[in-house]
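Peer 1:
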Amino acid sequence: TQLLEQSPQFLSIQEGENLTVYCNSSSVFSSLQWYRQEPGEGPVLLVTVVTGGEVKKLKRLTFQFGDARKDSSLHITAAQPGDTGLYLCAGIIQGAQKLVFGQGTRLTINP
Amino acid sequence: GAVVSQHPSWVICKSGTSVKIECRSLDFQATTMFWYRQFPKQSLMLMATSNEGSKATYEQGVEKDKFLINHASLTLSTLTVTSAHPEDSSFYICSHLDLKGGETQYFGPGTRLLVL
């Protein structure tokens with residue numbers, strides 16, 4: 031059973047297009063993180079969201095935490111080839127210490 | 075963010091040998107560290123939670139006698155893959171937990187293990 035459903039798992043779009051990646055769960059998370067991972071490297075933290083309804087922006091990336099803290103989204107505006115990579119959402123279920131990962135979204139931005 | 079290092083970054087070994095992977099927290103004292111395994115084109119799977127000074131907590135399906143974890147200090151945790159077999163070939167990643175700033179985990183760069 032996948033506690034955190036991430037979609038889409040694969041996405042290939044043209045440079046300049048917008049995209050949204052979703053993470054959904056039936057569980058409540060005390061916090062949720064988004065990571066980006068390059069081949070052969072560990073995940074690098076992009077953002078942590080902790081408050082329901084919270085929106086954080088990182089240049090062209092916008093992260094949103096659902097009001098009920100059960101879901102999150104990552105929106106990229108005007109995608110660039112440099113955005114290509116594996117994006118992972120991960121959250122700590124309320125009351126637990128373990129980080130639960132989504133399946134990941136392998137994003138390819140074509141020039 | 076906090077810095078986590080891993081050593082070695084990659085290792086090739088013969089089937090039946092044991093391999094030790096070190097995970098160091100460089101600028102933070104980590105009472106809790108985590109070990110993950112990642113197969114190609116898949117997400118990270120938690121193997122165990124390593125607690126300083128006590129026994130590790132293993133996830134269901136992870137053999138504790140095969141994957142030995144030692145967290146002897148606040149800055150060092152080790153994972154030893156005993157009697158490695160080709161199916162143990164994977165990317166092993168450690169992380170530590172920062173309870174400040176939203177329970178963020180900071181990950182090491184990973185260790186790629188290839189068992190021949």
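Line order of the protein sequences matches chains C and H. Residues in the first sequence are numbered from 31 upward in steps of one, following this note's numbering. Residues in the second sequence are numbered from 75 upward in steps of one, following this note's numbering. Ideal Cβ positions, reconstructed from N, Cα and C, are used throughout, including at glycine.
So, does the CB of Glu45(C) fall closer than 7 angstroms to a CB anywhere in chain H?
Peer 2: Answer no: the Cβ-Cβ gap between Glu45(C) and chain H never drops below 7 angstroms.
Peer 1: Measuring alpha carbon to alpha carbon, tell me which residue in Gly132(C), Leu41(C), Asn48(C), Lys86(C) is nearest Asn54(C).
Peer 2: For Asn54(C), the nearest C-alpha among the options comes from Gly132(C).
Peer 1: Between the beta-carbon of Trp64(C) and the beta-carbon of Leu104(C), is there less than 7 angstroms?
Peer 2: Closer than 7 angstroms, so yes.
Peer 1: Which class does Glu35(C) belong to by DSSP, given the choice of helix, strand or coil?
Peer 2: DSSP places Glu35(C) in strand when its eight states are reduced to three.
Peer 1: Please list, in chain order, all residues of the same chain as Leu49(C) whose beta carbon is under 8 angstroms from its beta carbon, the five residues on each side excluded.
Peer 2: Answer for Leu49(C): Leu41, Ile43, His105, Ile106, Ala109, Leu137, listed in chain order.
Peer 1: For Leu118(H) and Lys138(H), what's the separation of their Cα atoms in angstroms?
Peer 2: Going from the Cα of Leu118(H) to the Cα of Lys138(H) covers about 18 angstroms.
Peer 1: Hey, Leu153(H) and Ile95(H): beta-carbon distance below 7 angstroms or not?
Peer 2: For Leu153(H) and Ile95(H), yes; Cβs fall inside 7 angstroms.
Peer 1: Residues in the same chain with beta-carbon distance under 7 angstroms from His159(H), minus the five sequence neighbours each way, listed in chain order, please.
Peer 2: Excluding sequence neighbours, His159(H) sits near Ser89, Val189.
Peer 1: Taking only beta-carbon atoms, is Pro73(C) less than 7 angstroms away from chain H?
Peer 2: Closer than 7 angstroms to some Cβ of chain H, the Cβ of Pro73(C) qualifies, so yes.
Peer 1: Please list the partners that Pro183(H) has in chain C, where partner means a Cβ-to-Cβ separation under 8 angstroms.
Peer 2: Under the 8 angstroms cutoff, chain C gives Glu71, Gly72.
Peer 1: Taking C-beta pairs closer than 7 angstroms, name the residues in chain C that Leu117(H) reaches, listed in chain order.
Peer 2: Strictly speaking, residue 117(H) in this sequence is Ser, with Leu absent from that position. By Cβ distance, chain C contributes Leu118, Phe131, Gly132, Gln133, Gly134.
Peer 1: Counting only beta-carbon atoms, is Thr78(C) nearer than 7 angstroms to chain H?
Peer 2: Yes - at least one Cβ of chain H is within 7 angstroms of the one on Thr78(C).
Peer 1: Identify the contact partners of Ile86(H) in chain C, using a Cβ-Cβ distance below 9 angstroms as the criterion.
Peer 2: The contacting residues do not exist; Ile86(H) stays about 15 angstroms from chain C at best.
Peer 1: Could you tell me whether the Cβ atoms of Ser61(C) and Val85(C) are closer together than 7 angstroms?
Peer 2: No.
Peer 1: Considering only their Cβ atoms, is the gap separating Ser151(H) from Met107(H) smaller than 7 angstroms?
Peer 2: Going by C-beta atoms, Met107(H) is nearer than 7 angstroms to Ser151(H).
Peer 1: Is DSSP giving Gly115(C) helix, strand or coil here?
Peer 2: Gly115(C) falls in the strand class under three-state DSSP.
Peer 1: Would a check of beta-carbon distances place Gln103(H) closer than 7 angstroms to chain C?
Peer 2: For Gln103(H), the answer is no, since every Cβ of chain C falls outside 7 angstroms of its Cβ.
Peer 1: Please report the distance separating the alpha-carbon of Ala130(H) from that of Gly134(C).
Peer 2: If I take the Cα positions, the gap works out to 27 angstroms.
Peer 1: Name the two residues that bound the continuous beta strand (DSSP E) containing Gln94(C).
Peer 2: Run containing Gln94(C): 91–95, per the beta strand (DSSP E) assignment.
Peer 1: Identify the contact partners of Lys128(C) in chain H, using a Cβ-Cβ distance below 7 angstroms as the criterion.
Peer 2: In chain order: Leu120, Thr123.
Peer 1: Can you find a C-beta in chain C that's less than 7 angstroms from the C-beta of Ile143(H)?
Peer 2: So, not an interface residue.
Peer 1: Which residues bound the beta strand (DSSP E) around Leu88(C)?
Peer 2: Leu88(C) -> beta strand (DSSP E) spans 85–88.
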